[in-house]
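Engineer: Each residue of the sequence shown is one higher than the one before, counting from 79 in this note's numbering.
Beta carbons: idealized from backbone N, C-alpha and C, even for Gly.
Keep in mind the model is a prediction, meaning the values are calculated, not measured.
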Amino acid sequence: DGGHPIGSAASSVRQALCCYTPHGIFPQCVIWLPNASMFRDRFPGWLLTSMTATIIHLTPVMRDVAQWAGVRDVGRASVDRALRTGRSPLLVVGGQSEMFLSKSWTRDIDVHRRHRGFVRMAIRHGVPLIPIFAFGEHKVMDNVYLPRLQNWCRQRLGFPVPYLPYGRWLLPVPRRTPLTICVGAPVFPRTKNSQPSREEIEELHARYFDALEEMFERNKARCGFPDARIAWAN
79 DGGHPIGSAA SSVRQALCCY TPHGIFPQCV IWLPNASMFR DRFPGWLLTS
129 MTATIIHLTP VMRDVAQWAG VRDVGRASVD RALRTGRSPL LVVGGQSEMF
179 LSKSWTRDID VHRRHRGFVR MAIRHGVPLI PIFAFGEHKV MDNVYLPRLQ
229 NWCRQRLGFP VPYLPYGRWL LPVPRRTPLT ICVGAPVFPR TKNSQPSREE
279 IEELHARYFD ALEEMFERNK ARCGFPDARI AWAN
């Protein structure tokens, strides 16, 4: 989305913090996107590391599959390590807060913007933020819709219970829904700072979400969602 492909010889951006939106019920795309041939062809040389919730890495079988695919824990230490070793973390910045608000039956797509940790990390390492929007992610699956109870459980247990995802035939099977991934232009921090001030964080945070919204509005019609709108949650 604008400029030379990130990671190409003609691009000045070799590393970034990649921000995927929205979370949906289970953002499988975050796992397979770095390994998709179309994505690698479009962004050659861009070394992505997918980051997922800690609960994934504590659950048998799910943990093994995720780590076999190269996925790492989204904790601060893992993100910092990926950036220090020249890789570009790919994470869902809305986190689990978006999960229990996600619903396929409305034109509103819930996007949380209360998190600042990813912005702070970008300033500390002097890398840009890359907005990525997955049109159709919220259509893939639904969950039992009990947001107040799920939020309470997430705060105390680390995971939104009840978690009963369903898709095709009301089973935990993803719906056959096209996904169109839009990758935006880099949003650069004003300066690299190992101890960013609150003002620096808020300024980059605002510019990032302005860029995300602009990309969303500009592309939603041609991606098949002309009536969609972002429902911001802070």
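#1: Give, in chain order, every unbroken run of the beta strand (DSSP E) that is at least 3 residues long and sits entirely within the region 198-277.
#2: Looking only at C-alpha atoms, which of Glu280, Val265, Leu126, Trp110 sits nearest to proline 209?
#3: With a cut-off of 8 angstroms, do at least 3 Cβ pairs link the region 217-226 to the region 96-109?
#4: Beta carbon of isoleucine 259, beta carbon of alanine 212: below 8 angstroms?
#5: Which residue wins for smallest C-alpha separation from phenylalanine 196, given the options Trp124, Met293, Ser166, Leu125?
#6: Is it right to say glycine 80 is buried, meaning 16 or more other beta carbons lie within 10 angstroms of its own, or is it exposed?
#7: Which runs of the alpha helix (DSSP H) fall wholly inside the region 104-160 and span at least 4 residues, in chain order?
#8: Rounded to the nearest angstrom, what separates valine 251 and tyrosine 244 at their Cα positions?
#9: Taking all protein chains shown into account, decide if alanine 87 is buried (16 or more other Cβ within 10 angstroms of its Cβ) or exposed.
#10: Taking the alpha helix (DSSP H) that serine 175 falls in, what are its first and last residues?
#11: Per DSSP, what kind of secondary structure is alanine 309 in: helix, strand or coil?
#12: For threonine 127 and arginine 150, which I take to be in contact (beta-carbon distance under 8 angstroms), what is that distance rounded to the nearest angstrom?
#13: Reducing DSSP to helix, strand and coil, say where alanine 87 ends up.
#14: If I follow the unbroken beta strand (DSSP E) through cysteine 96, where does it start and stop?
#15: Leaving aside the five residues before and after leucine 290 along the sequence, list all residues of the same chain whose C-beta is less than 6 angstroms from its C-beta, in chain order.
#16: Is it true that the CB of leucine 161 sits closer than 8 angstroms to the CB of proline 112?
#17: I need the straight-line Cα distance from glutamine 228 to glutamine 174, nearest angstrom please.
#18: Using a Cβ-Cβ cut-off of 6 angstroms (strictly less than) and excluding sequence neighbours within five positions of leucine 282, which residues of its own chain qualify?
#19: Less than 8 angstroms between the beta carbons of isoleucine 187 and isoleucine 279, yes or no?
#20: Look up histidine 193 in the DSSP assignment and say whether it is helix, strand or coil.
#21: I need the straight-line Cα distance from threonine 255 to phenylalanine 117, nearest angstrom please.
#22: Taking C-beta to C-beta, are alanine 311 and leucine 179 nearer than 8 angstroms?
#23: Tell me, to the nearest whole angstrom, how far the beta carbon of leucine 125 is from that of leucine 207; I am working on the premise that it is less than 8 angstroms.
Structural biologist: Quick look at the numbers:
#1: Scanning the region 198-277 from its first residue to its last, the whole beta strand (DSSP E) runs of 3-plus residues come out as 207-213, 258-261.
#2: Within the sequence shown, numbered from 1, the residue matching residue 209 stands at position 131. Cα-wise, what sits closest to proline 209 is Val265.
#3: When C-beta atoms of the region 217-226 are compared with those of the region 96-109, three or more pairs fall below 8 angstroms, so the two segments count as touching.
#4: The residue you call residue 259 lines up with position 181 of the sequence shown. The residue you call residue 212 lines up with position 134 of the sequence shown. Using a Cβ distance threshold of 8 angstroms, isoleucine 259 and alanine 212 count as a contacting pair.
#5: What you label residue 196 is simply residue 118 of the sequence shown in a count that begins at 1. Answer by Cα proximity: Ser166.
#6: Numbered from its first residue, the sequence shown carries residue 80 at position 2. Here the model assigns glycine 80 a pLDDT of 48, short of 50, so the residue's position is not dependable, and the following value carries that caveat. It counts as exposed.
#7: Entirely contained in the region 104-160, the alpha helix (DSSP H) runs reaching 4 residues are, in chain order, 106-110, 115-120, 140-146.
#8: Here residue 251 corresponds to residue number 173 of the sequence shown, with the count starting at 1. Here residue 244 corresponds to residue number 166 of the sequence shown, with the count starting at 1. Their backbone Cα atoms lie some 6 angstroms apart in a straight line.
#9: Numbered from its first residue, the sequence shown carries residue 87 at position 9. Low per-residue confidence applies at alanine 87: pLDDT is 47, beneath 50, and the placement is therefore not dependable, though the value from the model is reported in the following sentence. By the 10 Å Cβ count, alanine 87 comes out exposed.
#10: Working through the sequence shown from its first residue, we reach residue 175 at position 97. In the DSSP assignment, serine 175 falls within the unbroken alpha helix (DSSP H) covering 174-177.
#11: Within the sequence shown, the letter at position 231 stands for residue 309. Per DSSP, reduced to three states, the secondary structure at alanine 309 is strand.
#12: One-based indexing of the sequence shown puts residue 127 at position 49. One-based indexing of the sequence shown puts residue 150 at position 72. Indeed, because the Cβ distance is near 6 angstroms, the residues count as touching under 8 angstroms.
#13: If you number the sequence shown from 1, residue 87 lands on position 9. The pLDDT assigned to alanine 87 is 47, lower than 50, so where the model puts this residue is not dependable; a value taken from the coordinates is nonetheless given after this. Coil at alanine 87, not helix or strand.
#14: Indexing the sequence shown from 1 puts residue 96 at position 18. That run of the beta strand (DSSP E) goes 95-99.
#15: Taking the sequence shown and counting its residues from 1, the one referred to as residue 290 is at position 212. Non-local C-beta neighbours of leucine 290 in its own chain, meaning closer than 6 angstroms and more than five positions away in sequence, comprise Pro209, ordered along the chain.
#16: Translated into positions along the sequence shown, residue 112 becomes position 34. Translated into positions along the sequence shown, residue 161 becomes position 83. No.
#17: Position 150 of the sequence shown, counted from the first residue, corresponds to residue 228. Position 96 of the sequence shown, counted from the first residue, corresponds to residue 174. Roughly 10 angstroms between the two C-alpha positions.
#18: The residue labelled residue 282 in the question sits at position 204 within the sequence shown. Answer for leucine 282: Val197, Pro267, listed in chain order.
#19: Counting from one through the sequence shown, the residue named residue 187 turns up at place 109. Counting from one through the sequence shown, the residue named residue 279 turns up at place 201. No. Outside cutoff.
#20: Taking the first residue of the sequence shown as position 1, residue 193 is located at position 115. Look at histidine 193 here: in three-state DSSP terms it is coil, with no helix or strand label.
#21: As a first step, residue 255 is located in the sequence shown; it is residue number 177 there, counting from the start. As a first step, residue 117 is located in the sequence shown; it is residue number 39 there, counting from the start. Taking the straight line joining both Cα atoms gives about 18 angstroms.
#22: The count along the sequence shown starts at 1 and reaches residue 311 at position 233. The count along the sequence shown starts at 1 and reaches residue 179 at position 101. A contact, by the Cβ cut-off of 8 angstroms.
#23: On the sequence shown, residue 125 is found 47 positions in, with the first residue counted as 1. On the sequence shown, residue 207 is found 129 positions in, with the first residue counted as 1. Between leucine 207 and leucine 125 the Cβ distance is about 17 angstroms, and since that is not below 8 angstroms, they are no contact.
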